[in-house]
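A short write-up of the structure that comes next.
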Amino acid sequence: MRLTFVVMAAVLIAGCKQQPQQPPRQQKVSDAEIAEMHRDMPGMTDACLDKLKWGGSEGLPRQYEDCFKFTPSQRMQGLWRNNFEGSEYCDGSSGQCPDAKANAETGIWLAMRSPLPGVDDTPPGGLYAIDFIGRRSIGAGMFGHMGMAKNEVIVDRLLSIKEVEPPPSQAHPTRAELIREMKTCEAKGACIPNWSLINDYDPEQMKKARIASYLKECAGKPICMPNSEVTKSK
């Protein structure tokens, strides 16, 4: 019995010695940086902070919202300011909703899940009253374009949308208007016009270029839908 014990102990010791040692786990993000992120985004879950700490940004879920908790789905009504690089939501129906860029600290980013009928005719700059089923983030984060908003509302199902304030005109000036504007600018010494380009100016070509640029910027963004003008021009 004693011999068996000695032999087994020797085998176990030999086996332990032969096992390759695993390299120590390396942090991708320091504890100080994690603490700072937690202060800036208290709504981010501990699980995501841990993934960030050991895996870096590559370790985070593909859907950024998966790092935050949201309320259960509920019916909500409010205003949506649809800007080119802004999408702000305001509770209630006061008739006013400031730009998200001007309210970075308190803004609520509105994220729509594509496809949602009713948002295909909403060019940038308009204000819309919306009735929908959605969820609201719990705890502050950095949502939307460049992380400009502290909170987010996700629209899962749009019930209705109504224009409250039309978007600014998307029209381009005529060649005569552009020449007049450039001459005034030149007289004030505020600019040096490139007359060769101005004389070749074509409003229709400019319009097509703007549409092409709009579609390029919208590619892959559920919140950025081509408007009716873009659709007709395809």
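Counting in our numbering, the sequence shown runs from 20 upward without gaps. From the three backbone atoms N, C-alpha and C, an ideal C-beta is built for every residue, glycine too. A quick note: this is a predicted structure, and the numbers were derived from the prediction, not measured.
Beta carbon of residue i nearer than 7 Å to that of residue j
i: Asn-170; j: Ile-211; result: no
i: Ser-92; j: Asp-175; result: yes
i: Met-161; j: Met-60; result: yes
i: Gly-10; j: Asn-101; result: This structure leaves residue 10 out entirely; the chain is present only between 20 and 253.
i: Ile-298; j: Lys-88; result: Outside the displayed span of the chain (20 to 253) sits residue 298, for which this structure offers no information.
Closest by C-alpha distance to residue i, when choosing among the options
i: Leu-1; options: Gly-144, Gly-111, Pro-143 and Arg-155; result: Summary: the structure shown does not reach residue 1, with the chain confined to residues 20 through 253, and so no result is reported for it.
i: Asp-221; options: Arg-194, Asp-59 and Ile-53; result: Arg-194
i: Leu-79; options: Cys-204, Met-63, Gly-158 and Gln-45; result: Met-63
i: Trp-73; options: Val-48, Ala-168 and Ile-157; result: Val-48
i: Cys-67; options: Ile-157, Cys-86 and Glu-52; result: Cys-86
i: Ile-217; options: Ile-152, Ile-157, Asp-65 and Lys-202; result: Lys-202
i: Asp-219; options: Gly-105, Glu-205, Gly-208 and Leu-197; result: Leu-197
i: Gln-115; options: Gln-45, Val-183, Asn-213 and Arg-44; result: Val-183
i: Trp-99; options: Ala-148, Met-167 and Asp-69; result: Ala-148
i: Met-167; options: Lys-181, Asn-213 and Gly-105; result: Gly-105
i: Ala-159; options: Asp-69, Glu-84, Ala-51 and Glu-52; result: Glu-84
i: Lys-181; options: Gly-97, Met-131 and Asn-213; result: Gly-97
i: Asp-69; options: Arg-132, Met-131 and Asp-50; result: Asp-50
Assigned exposure category for residue i - 16 Cβ within 10 Å defines buried
i: Ala-54; result: exposed
i: Pro-185; result: exposed
i: Thr-90; result: exposed
i: Ser-76; result: exposed
i: Glu-107; result: buried
i: Gly-163; result: buried
i: Cys-204; result: exposed
C-alpha gap between residue i and residue j, whole angstroms
i: Glu-200; j: Pro-187; result: 20 Å
i: Ala-206; j: Ser-215; result: 18 Å
i: Met-56; j: Thr-141; result: 35 Å
i: Leu-177; j: Gly-111; result: 16 Å
i: Gln-45; j: Arg-94; result: 45 Å
i: Glu-52; j: Pro-143; result: 36 Å
i: Gln-82; j: Arg-58; result: 21 Å
i: Asp-65; j: Gly-208; result: 57 Å
i: Ser-179; j: Leu-71; result: 38 Å
As assigned by DSSP and simplified to three states, the class of residue i
i: Ile-149; result: strand
i: Asn-101; result: strand
i: Ile-211; result: coil
i: Tyr-108; result: strand
i: Arg-81; result: coil
i: Asp-50; result: helix
i: Ser-76; result: helix
i: Ala-121; result: Reliability fails at Ala-121, whose pLDDT of 47 lies under 50, so the model's placement of it is uncertain and the value that follows must be treated cautiously. Of the three classes helix, strand and coil, the one that applies to Ala-121 here is helix, per DSSP.
i: Met-201; result: helix
i: Arg-176; result: strand
i: Arg-132; result: coil
i: Arg-154; result: strand
i: Lys-88; result: strand
i: Met-63; result: strand
i: Lys-181; result: strand
i: Arg-94; result: strand
i: Ala-159; result: coil
Cutoff 7 Å: residue i Cβ touching any chain D Cβ
i: Gly-160; result: No chain D appears in this structure, which consists of one protein chain only.
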